[in-house]
Amino acid sequence: MRAFKTIFKLTGLILTLTFNVYLLMAQETINIVPNPQEVIFTEGSFSLEGEVGISLYLKNKVEEAFIFEQLKNEFNQSIGSGINVQEGGGTRRIIIGVEGGSRAFNRLINQFDLKPGEELGKEGYKLLVTSDLILISANSIKGAFYGAQTLKQLIRTERFDLAIPALQIKDWPDLEIRGMMDDISRGPVPTKEYMYQQIERMAEMKVNLLTYYTQDVVKTESHPAFAPPGGALDIQEWAELADYAKKYHIDLVGNFQSFGHFENILKHPEYAHLGEGGALLSPAFEESYQLLGDIYREMIPAFHSDYFHINSDETFDLGTGASKAMVDSLGEAVVYSNHIKRIYEIITGMGKKVMMWGDIALEQPKILELLPKDIILVTWGYDIMDDYAPRIIPFKEAGFTQLVSTGVLNSSSTIPDFNIAKGNIGGFMAESKKQNVWGMLNTVWDDGGFALFSRDWYGVTFAADQSWNSNPKDPTYDTRFNKAVYGSTNNGITEALSKINELADLKSTEKMNEAILWGPLVPEKGAEVLTNISDWAEVKKIAREAEKLLEKADPLIYSQDIEFIQHTIDLYEYLASSRPDLVKASELYKQALAIQNEDPIKSRKILVDIYGIVTEIYEDLTELKIRNQFLWISENRVYALDRVVSRYDHQIESLKEVKELTLNTIFDFDKGIKLPKPEDVRLNITSTDGWYFQGWLMVEPFPNAKGFTDPGVDHLEDMNGIEGTFPNVTEEFYFDGIKYRWRRVNTPYFAKVDLDEIHGESKNVVGYAFAHIDIEEDRVVRATLGSSDGVEVFLNGESVHQNYTERDFKLDEDELYLPLKAGRNHLMIRITNKEGDWAFSFRLPDSEMRSSKNRYKIIE
199 MRAFKTIFKL TGLILTLTFN VYLLMAQETI NIVPNPQEVI FTEGSFSLEG
249 EVGISLYLKN KVEEAFIFEQ LKNEFNQSIG SGINVQEGGG TRRIIIGVEG
299 GSRAFNRLIN QFDLKPGEEL GKEGYKLLVT SDLILISANS IKGAFYGAQT
349 LKQLIRTERF DLAIPALQIK DWPDLEIRGM MDDISRGPVP TKEYMYQQIE
399 RMAEMKVNLL TYYTQDVVKT ESHPAFAPPG GALDIQEWAE LADYAKKYHI
449 DLVGNFQSFG HFENILKHPE YAHLGEGGAL LSPAFEESYQ LLGDIYREMI
499 PAFHSDYFHI NSDETFDLGT GASKAMVDSL GEAVVYSNHI KRIYEIITGM
549 GKKVMMWGDI ALEQPKILEL LPKDIILVTW GYDIMDDYAP RIIPFKEAGF
599 TQLVSTGVLN SSSTIPDFNI AKGNIGGFMA ESKKQNVWGM LNTVWDDGGF
649 ALFSRDWYGV TFAADQSWNS NPKDPTYDTR FNKAVYGSTN NGITEALSKI
699 NELADLKSTE KMNEAILWGP LVPEKGAEVL TNISDWAEVK KIAREAEKLL
749 EKADPLIYSQ DIEFIQHTID LYEYLASSRP DLVKASELYK QALAIQNEDP
799 IKSRKILVDI YGIVTEIYED LTELKIRNQF LWISENRVYA LDRVVSRYDH
849 QIESLKEVKE LTLNTIFDFD KGIKLPKPED VRLNITSTDG WYFQGWLMVE
899 PFPNAKGFTD PGVDHLEDMN GIEGTFPNVT EEFYFDGIKY RWRRVNTPYF
949 AKVDLDEIHG ESKNVVGYAF AHIDIEEDRV VRATLGSSDG VEVFLNGESV
999 HQNYTERDFK LDEDELYLPL KAGRNHLMIR ITNKEGDWAF SFRLPDSEMR
1049 SSKNRYKIIE
């Protein structure tokens, strides 16, 4: 009999599970961000018409009023006059509370088996929808608030059906801390109104920590001199932001860069003496700690948070100035740690905990032995990696609480490459859940100052989604993003973004780098511009397809984001038209020049056509600049806008001059004056095949007493010698007692790497440039290079070409063949210079390539 009963129970359980799965499959998946952990659909629905009463049992009248207001506003914007929302009872009710909120609420959650339970923690919740009741229970007010955010999205996404399907949700976060950092120190500084919008939107995504990366954009009474006028938040503004964030259950963490990246303050005469290398606050001066202490004592009281972020990353210049003796005596790890401990004493003395980047400790593990264990370390990496564990395990094994930092990289980009962002976020979050990490801090970096946050929400939201419920391969994210975040009925926004991101894989627009906007458009007088226009037809096709997809979007809210995406599309349409059109204008001019004697009428007509081409390009770019200005000021303070406008203006002025030169040429031609050469009217533009290497790792030049000849010295001996040096960015080494560091360089020119521009005019010097070349099979590849003066090429540590001669720079002057091996190949070029212009060029003319920074891949 017992066996029979056991079988009966198991059969019943299987039938129940099968029925629930059937219901789940029969119902449309709900569209919520972040995706709830568990959802079970049942029969029926809750109508979004008629009257509904809302009751809250949170034992906090302010919180009850706030959630009531949020729900009422959502009903108003999503449903409108079709529903009458009242406070209190009724036949159809929404009831939200915490366990113990009232006896009646406790009876209700017992009746519906909706007690939250300890396993949901402080932020989890349960949500029940029946035909006449929506019930949310939680262990805390924050959990109830998050349940209400889910309900808001259910109302928004089900508004056309005017009914929420009957269901049960059990939800809790994977990570305790789900944070966001916005860089406001490289250009755009959001208005207070936009910061409030960021807080509101992030709270709905259940983000619970926010910090703003701050170098100099804080105005203190003790040190007002470095605060940029119109671009800094005073202490009162920070306090108001902290209060607003707290209202939305977001912990606003104070933030001040306290070691490296100090250049924005050191550029002021009052503080210049405290620097090393122009970018590092020296630990050799007591005044450095007086400065930091003054700032902390004003900033920290403005924030409710228990934490304060001191950053202190990328301290490349440590030991290059006043701290050199300290570093020579104690070592970098000790000097770095001592600086952090001085800061730690100040901040913990004010009752706060220190949060900081972990990159230096990851590079120098000895630091982990020296730092106090209650410091929160933030490990970071913004690329897609094969294995994220090495970024996490060292801190875990050393006993530190840590956050992992992912990235929605805006750095020097027109728009983020969301494919990289999703891969990075998804991979890091999956490993973080596996390693039981405390939390995450997603970042938006604005290096270059062109980026605008309104283009970032797809990546920001994905990070919030994954930190709550990690599932990197979830195919429902795009639909949930469109419907839950924007209230859109289709996936027009994400389809447009996906289409735009196809540009990242084309050579001309790779990685969505903004440099393509500002590179030489037309040559200076007397010069020539080379360009490859082979990609631009595809760019135009992609941009127009993206525009059509974006036209489908019908957001209920935050529709202004569409304008920012559209502007990006229009930028690429402009690029795709202007580049080939300028080549066409140049070719037409050469044609007019050739026939001016035999057919002056046709020659003049061609000149008029050229004037029309250049004028249209000029007007298109001017209009894009004006729209960019409008978008900027609708999101950000005017401060730093001039940096972007000046880049537009440089291009616009060049086009204006070409336009005027063309008009003057027509005028002179009418007077019988012969046409000048193309280079005299800035129209010497030549289309070419193939791609030159523009991205490199470089170091500062070394003295070379032998001028243009082989220096006969191994400058890289400290890095295993020229044959064994395969450097990484920021890697450091010593030569002749001087510290050198590899840095990324990307030439703005299509072909020429102008070393005079990069390093300054130099005589009797030698420089090094390094790149990777990836290929799938062994192959000998033809290469061409030019140099002034001498050059030697090393491939995988072996010299494969040398030509130490005194000469002027000329493209493709030398030809060589590279025996590439399958996999990664290491290319090092040594360039010497006696005097005069210093430059080089390098390309693989027969190979189709893609590249990222100094990494090149041959694809055919």
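Count along the sequence shown from 1, then add 198; that gives the number in this note's numbering. Positions of the beta carbon are idealized from the N, C-alpha and C atoms, including for glycine. Since the model is a prediction, treat every value here as computed from it, not as a measurement.
Within its own chain, the residues whose Cβ lies closer than 7 Å to the Cβ of Asp676, once the five positions on either side in sequence are excluded, are Asn689 and Thr692, listed in chain order. Around the beta carbon of Gly597, fewer than 16 other beta carbons sit within 10 angstroms, so the residue counts as exposed.
Residues of the same chain with a CB within less than 8 Å of the CB of Thr389, apart from the 5 flanking positions on each side, are Glu833, Asn834 and Arg835 in chain order. Around Asp645, the same chain offers Arg384, Ser609 and Ser610 as residues with beta carbons nearer than 6 Å, after the five sequence neighbours per side are excluded. As computed with DSSP, Ser985 is found in a beta bridge with Phe1038.
Taking the C-beta atoms as reference points, Leu822 is found nearer than 9 Å to His765.
Here Thr945 is buried: its Cβ has 16 or more other Cβ atoms, across all protein chains shown, within 10 Å.
Rounded to whole angstroms, the separation of the alpha carbons of Asn640 and Met378 is 5 Å.
Ranked by how close their Cα comes to the Cα of Glu262, the residues Gly288, Ile293, Phe244 and Ile281 have Ile293 in first place. Exclusion of the five residues before and after Ile498 leaves Gly452, Phe506, Ile545, Met548 and Lys550 as the residues of its chain whose Cβ lies within less than 8 Å of its Cβ.
Going by C-alpha positions, Thr412 is about 44 Å away from Val327.
One Cα belongs to Ala735, the other to Ala774, and the distance between them is close to 7 Å. For the pair Ala702 and Asn622, the CB atoms are not nearer than the 9 Å cut-off. Within the stretch 425-484, the complete beta strand (DSSP E) segments at least 3 residues long are 449-453, listed from N- to C-terminus. Listed as beta-bridge partners of Leu993 by DSSP are Glu996 and Leu1025. About 5 Å separates the beta carbons of Phe626 and Tyr586, which is inside the 8 Å limit, making them a contact pair.
For the pair Arg941 and Val911, the CB atoms are not nearer than the 9 Å cut-off. Under DSSP, Gln600 shares a beta bridge with Leu575. In this structure, the CA atom of Asp581 is about 46 Å from the CA atom of Glu858. For the stretch 319-407, the full-length beta strand (DSSP E) segments reaching 3 residues or more read 323-327, 331-336, 361-369 and 375-381 along the chain. With distances taken between CA atoms, Gly529 lies nearest to Gln562 out of Asp768, Arg1028 and Gln562.
Excluding the 5 residues flanking it on each side, Leu360 has same chain C-beta neighbours closer than 8 Å at Ser245, Leu246, Glu247, Ile277 and Gly280, in chain order. Going by beta carbons, Val727 and Tyr770 fall outside the 9 Å limit. Where Asn617 is concerned, the enclosing alpha helix (DSSP H) starts and stops at Phe616 to Lys632. Along the length of the stretch 257-322, whole beta strand (DSSP E) runs at least 3 residues long occupy 281-285 and 291-296, reported in chain order. A direct Cα-to-Cα measurement between Ala628 and Pro670 gives close to 7 Å.
Note that the C-beta distance between Thr923 and Gly988 is not below 9 Å. When the Cα atoms are used, Asp449 and Ser757 turn out to be separated by approximately 27 Å. Glu858: member of the alpha helix (DSSP H) spanning Leu839 to Asp868, first to last residue. Straight across, the Cα-Cα distance linking Pro718 with Gly473 is about 35 Å. DSSP places His537 inside the alpha helix (DSSP H), whose first and last residues are Glu530 to Thr546.
Here Asp645 carries a coil assignment [DSSP, helix/strand/coil]. The C-alpha of Val552 lies about 9 Å from the C-alpha of Leu575. Straight across, the Cα-Cα distance linking Ala364 with His502 is about 39 Å. Counting of Cβ neighbours within 10 angstroms places Ala792 among the exposed residues, the total staying below 16.
When the beta-carbon positions are compared, Val533 and Leu516 come within less than 9 Å of each other.
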